[in-house]
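Numbering (my numbering), first residue to last: -12 to 339.
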């Protein structure tokens, strides 16, 4: 059974199981911002008119929160009137869309000069009728430069090919839990007192608690070797879609679709209410929940709705390119996927 590492070490986060086992070699990544590149991929572009100005921005060595504060000051709008689809890494070179509410105001002249600063560059812009909402981007495209023993010894390339073929465990990354798991520690304390919106306005602590339970389930299923092959009673997610369905029994057709990466088993984003999961899959999730009564009860009392998340990620358009002493890894992940979930399968690193 996956353990709560608060009982076994000084860290609140476990060393969750890897699908390929512990990597034999160490590696280095994010040694400079340009070595970790992320580009948001949208399914649509601004329509050309409307109350909101959409900006396609490139940022270097800045968090999304810092970018929002800069745009708020530069364009004289309240932070609440600025929308983003996702939060992008700080120590990285990233490109993302940002919307600015400008009802009754024209697009500023000299827009690029007005908002550009060290670390911020405007790539394009356009008007749109609606504010940019969280989670509307389709995917993120990554280009990551990796060096170290895993590259020179060849283990990275072997493990990479296995991930391309079989998929990646869809863990929430360490950034979801805060520095050294601080968000999870705070979430435990808040859930024990009783979750209140005024104490977690953006829901980060509630999200951290739900993400931790999901990772616990995924880790246990990797240890049992059924995270990708499925269990009776699983709810499945259709690759490249938000569509989900309950499978009940695992027949040959479902097994073939799982092998082909066409569908993926799902795990719980815990909440209050009924779930479609049943049988062995339900029993496993309930066993995990019994080890975390404070988090489970706190989430349910907070009124979070139960949801499901795929246990497996596919690497979209993967490519590996050698350059100098390192390797560039190119791939896209569906919205909600973490690049750190890919890297922790490839090499050892303290941040993974």
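Quick reminder that beta carbons are idealized off the backbone N, C-alpha and C, glycines included.
Please read all numbers here as calculations on a predicted model, not as lab measurements.
In the structure shown, the three-state DSSP call for residue 339 is coil.
Rounded to whole angstroms, the separation of the alpha carbons of residue 188 and residue 309 is 45 Å. When secondary structure is reduced to three states using DSSP, residue 269 falls in the helix class. In the structure shown, residue 208 falls within a helical segment according to DSSP collapsed to helix, strand and coil. Every beta strand (DSSP E) of 3 residues or more that sits fully in the segment 228 to 260 is shown, in chain order, as 231 to 233, 250 to 256. Taken in chain order, the complete alpha helix (DSSP H) segments of 4 or more residues contained in the segment 131 to 217 are 136 to 139, 142 to 153, 169 to 180, 191 to 210.
Under the DSSP assignment, residue 111 falls in the beta strand (DSSP E) whose first and last residues are 107 to 115. Counting C-beta pairs with one atom in each stretch, the segment 4 to 23 and the segment 114 to 123 have fewer than three that are closer than 8 Å, which means they do not touch. Within a 10 Å sphere around the beta-carbon of residue 253 sit 16 or more other beta-carbons, which makes this residue buried. Rounded to the nearest angstrom, the gap between the Cα atoms of residue 203 and residue 312 is 36 Å. Contact check for residue 106 against residue 180 fails: the beta carbons are separated by 8 Å or more. The residues 154, 155, 156, 157, 214, 215, 248, 251, 252, in chain order, have a CB closer than 8 Å to that of residue 299 in the same chain once the five nearest residues on each side in sequence are set aside. Per the coordinates, the alpha-carbon of residue 211 lies some 14 Å from the alpha-carbon of residue 219. The C-beta separation of residue 150 from residue 102 comes to about 38 Å, leaving the pair out of contact by the 8 Å criterion.
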